[in-house]
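Colleague: Residue 110 in the numbering used here sits at position 110 of the sequence shown, with consecutive numbering throughout. Yeah, the Cβ is synthetic: ideal placement off N, Cα and C, and Gly gets one too. Before we start, here is the structure in question, set down as C-alpha cells.
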Amino acid sequence: ALFLTWPFLRDTTVTVLGVTIAAGALSGALSSVVSQPADSVLTYVANNKGGDGASLGVIEGSQIMVKNEGVSSLFRGLGSRCVWAALIISGQFFLYDIFKNALGINADDLSE
1 ALFLTWPFLR
11 DTTVTVLGVT
21 IAAGALSGAL
31 SSVVSQPADS
41 VLTYVANNKG
51 GDGASLGVIE
61 GSQIMVKNEG
71 VSSLFRGLGS
81 RCVWAALIIS
91 GQFFLYDIFK
101 NALGINADDL
111 SE
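Set out below in C-alpha cells:
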C-alpha cells in the first residue's frame, strides 16, 4: 500500500530498503505491544505461588498481578522489548531484500 501511495519510493534501492527497515521496525514494535501483557503474566506466574503454596494459573496470576501492581505492570519492560523486536524484525526484512536483490529474484519468480 505504501508503494501504491508513493510510487517514487520504488525508484532507488536505498528508498526500498528504507521502507523495508521502517516496516520491520513498526511491525516488531507493534507485535511487542500486543504480546507483552501475556509474557508479563507468564513471568509473574512462574515467579510466584498462590496463597496455598500451589502454582498460580494464568487467569489467577493475571488477576493478582493487576490487583497488586496495577494495569501498568502488564507493560513493564515494553520499551526495551519494542526496541529489541524492531531491530530484529527490521534486520530480517533488510536481509531478505538484500539477498533477494543479490540473487536477482523478482515478484514474478515468487508468484510461480
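1) Are there three or more Cβ pairs, one per stretch, closer than 8 Å when the region 18-25 is compared with the region 84-96?
2) Note down the Cα distance separating Ser-62 from Ser-55, rounded to an integer number of angstroms.
3) Kindly provide the ranges of any alpha helix (DSSP H) runs that are 4 or more residues long and lie completely inside the region 78-105, ordered along the chain.
4) Give every residue of the same chain whose Cβ lies closer than 8 Å to the Cβ of Arg-10, excluding the five residues on either side of it in the sequence, and list them in chain order.
5) Which residue from Val-14, Ser-80, Ala-29 and Arg-76 puts its Cα closest to that of Tyr-44?
6) Starting from the C-beta of Thr-13, find all residues in its chain whose C-beta is less than 8 Å away, skip the five residues before and the five after it, and write them out in chain order.
7) Identify which residue in Ala-107, Ala-29 and Gly-50 has its Cα closest to the Cα of Met-65.
8) Are the beta-carbon atoms belonging to Ser-40 and Ser-80 less than 9 Å from one another?
Modeller: Looking at the atomic coordinates:
1) yes
2) Here residue 62 is taken as the residue at index 62 of the sequence shown, counted from 1. Here residue 55 is taken as the residue at index 55 of the sequence shown, counted from 1. Answer to the nearest angstrom: the Cα atoms are 13 Å apart.
3) Correct list: 78-102.
4) For this step, residue 10 is matched to residue 10 along the sequence shown. Phe-3 and Val-16.
5) By one-based count along the sequence shown, residue 44 stands at place 44. Taking each of Val-14, Ser-80, Ala-29 and Arg-76 in turn and checking the Cα distance to Tyr-44, the smallest one comes out for Arg-76.
6) Looking up residue 13 in the sequence shown gives position 13. Excluding positions up to five away in sequence, the list reads Asn-101.
7) If you number the sequence shown from 1, residue 65 lands on position 65. Checking every option, the nearest Cα to that of Met-65 belongs to Gly-50.
8) What you label residue 40 is simply residue 40 of the sequence shown in a count that begins at 1. What you label residue 80 is simply residue 80 of the sequence shown in a count that begins at 1. 9 Å or more divides the Cβ of Ser-40 from the Cβ of Ser-80.
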